[in-house]
Every structure is written in C-alpha cells, then in structure tokens.
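Below is one structure, written out as structure tokens; the observations come after it.
In the numbering used here, the protein residues as written are 4 to 289.
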C-alpha cells in the first residue's frame, strides 16, 4: 500500500480520510501542485514550491509549512515510494469548517501529499505525435492560480476525450491562452513562439524550461500573443507540462499541423529536454 501524508501523519492511502465539511471538498477551496521526480530527484522543487506560494497567496491562505519543511516532507514521500520516477501530488485546502462561503475565523488547513508512478509520453507518442482540438476558453480570470476548482478544465479536457484527442487548446478573444491541462508552444518558420504569462494561463514550470532550453540551443524564440489564425497556420504545435513533458500536436481540429508529423524543431527540443532530465537524475540541476 502506498504511504501518503495527511495532516501530520504518514499512513496508507486506503486509510486517509478528511471531514465531509472540508472546504476543499465542499467549495474546491484549495490549491495543489504536481512535481515530477526522475530517479528519486524532484524536478525543480523550489520552482514548484514558489508556484504553490503564489497560489496560496492568490486565495489568501497562509502556507502551513516553511519551504524547508515541504522539502523534508516531499523527500520522505519520494524515498518511501516504490517507483524511481514519480509524480508527487500535494494539496492544501482551507480545512474543515461549517458550510459558509465566507472564510472561517479559525482556519485549520488540510495538507495532503502522495506519490504515484510518473507516466511520461511513450516512444510511440514522441515519434507519432497526438491530435488536439480547440475550444473557447470559458474559465475564470485567475488561471494563474493552481486551484483545485478544476471543473471548467475537466469539461474542456473531456471535449478532447470525446473527440479521441489528447488535449483541448483554448482560445480567448481570438488568441491562444493554453491547453486544458498544458501550456502550448508553436513554431513558424523556425521560430518558437509562446503566449506570455498572464492571469489567463498557468505559469508552467516546463514552459520555463522550454524557453531556457530554446535560448541554450540557440533557437530563435519569442514570447508574445498568438492569434488563432497563427496557431492554425503553425508549422509545429507542442504541448508542455510536468507529465506531458514536450509532446508534438500533429493534427488540430482534424487538420494536419505542418507535415502532419513531429517537426524538426520539436525533435531538437525533445532531445535537449531529455538531456536536461538526465542532468537532474545525476543531481546536477533542477
């Protein structure tokens, strides 16, 4: 049985329980992070903890643990898990309280951490790419906060599942924002393009890494608004996230992206990303 952490206790997942009046359950009043772990080495842990703090600040909830305490806690979960490559999920809610929209006067945050096996893109997906669709971005205006209130993302992601696709790319007011569960890059004439960070997209950790690698590889790149028409005329489109890493989109709304196969810039970036991962495994980065 997998060991998880819940409010100060390490216990089997099957024994973890929360009160039904926990505000995370009743209102989705909480935030979360997913941290990839390669060969028991957390990927950019400090960056993930910084993003957690940003999300907590955004919902006006005090962080229940100091950074060093988070690192110790996550380190124990990683060490005791059975897998070398893991996805560490952590969640903080405002805790149990009588059901009322207003914040409770006394807050007892619920802290939950667990690890699962990390599933990264298969060799088949890397070589063949995936299909995606587009939809109107009808989410709220604080998408930069990684909150547990994910119903809009769930519904948008399900559109892709219903269409037999891997992801839904979101368009707001004629411009690309992100995917339902990922950040989005495109390539045109050899230039890597990404939408700028704003309240309309989650500031992805992998998004940052891709831009750093583009600079290190000497790839022309720019961060600027991307119009829907540009997206549809792209030579390459990529999904990026902690679990998707970098994945090529080869069809969009049933139309081929570029040649309909993962492109040359993707292949170069994928190789650079894998080399970066191996440095993390050796404890040289992250």
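Idealized CB from N, CA, C, for every residue including glycine.
Just so it is clear, the structure is predicted and the values come from calculations on it, not from any experiment.
What residue range is occupied by the uninterrupted beta strand (DSSP E) comprising residue i?
i: residue 13; result: 12-15
i: residue 158; result: First-last for residue 158: 154-165, but that is the alpha helix (DSSP H), not the beta strand (DSSP E).
i: residue 179; result: 178-182
i: residue 186; result: 186-191
i: residue 95; result: 89-96
i: residue 7; result: 6-9
i: residue 175; result: 170-175
For the alpha helix (DSSP H) containing residue i, name the first residue and the last one.
i: residue 131; result: 126-131
i: residue 28; result: 26-29
i: residue 114; result: Counting along the chain, residue 114 falls outside any alpha helix (DSSP H), though it belongs to the beta strand (DSSP E) covering 113-120.
i: residue 282; result: 267-284
Does the separation of the CB atoms of residue i and residue j fall below 8 Å?
i: residue 41; j: residue 94; result: no
i: residue 114; j: residue 67; result: yes
i: residue 174; j: residue 139; result: yes
i: residue 132; j: residue 265; result: yes
i: residue 244; j: residue 185; result: yes
i: residue 80; j: residue 116; result: yes
i: residue 6; j: residue 134; result: no
i: residue 51; j: residue 208; result: yes
i: residue 276; j: residue 196; result: no
i: residue 213; j: residue 268; result: no
i: residue 204; j: residue 146; result: yes
With distances taken from CA atoms, which of the options is nearest residue i?
i: residue 22; options: 56, 238 and 100; result: 100
i: residue 211; options: 164, 187 and 231; result: 187
i: residue 256; options: 163, 213, 273 and 282; result: 163
i: residue 72; options: 8, 88, 281 and 128; result: 8
i: residue 252; options: 232, 208 and 136; result: 136
i: residue 127; options: 278, 262, 250 and 274; result: 250
i: residue 237; options: 260, 44 and 221; result: 260
i: residue 194; options: 57, 155 and 241; result: 241
i: residue 279; options: 227, 232, 220 and 262; result: 220
i: residue 125; options: 281, 109, 247 and 108; result: 247
i: residue 59; options: 155, 33, 228 and 102; result: 33
i: residue 107; options: 92, 25, 37 and 156; result: 25
i: residue 172; options: 142, 150 and 84; result: 142
Assuming residue i and residue j make a contact with CB atoms under 8 Å, what is their CB distance in whole Å?
i: residue 180; j: residue 206; result: That pair is no contact at about 12 Å.
i: residue 159; j: residue 39; result: That belief does not hold up - the Cβ atoms of residue 159 and residue 39 are roughly 23 Å apart, past 8 Å.
i: residue 74; j: residue 48; result: 6 Å
i: residue 286; j: residue 44; result: 6 Å
i: residue 96; j: residue 27; result: 3 Å
i: residue 273; j: residue 129; result: 6 Å
Can you find a C-beta in chain D that's less than 8 Å from the C-beta of residue i?
i: residue 147; result: Checking the listed chains, one finds no chain D in this structure; it contains a single protein chain.
Which ranges does the alpha helix (DSSP H) cover as unbroken runs of at least 4 residues, wholly within the region 195-254, from first to last along the chain? 208-219 and 231-235
I'd like the ranges of any beta strand (DSSP E) spanning at least 3 consecutive residues and lying wholly in the region 18-72. Restricting attention to beta strand (DSSP E) runs no shorter than 3 residues, the region 18-72 encloses them at 33-41, ordered along the chain.
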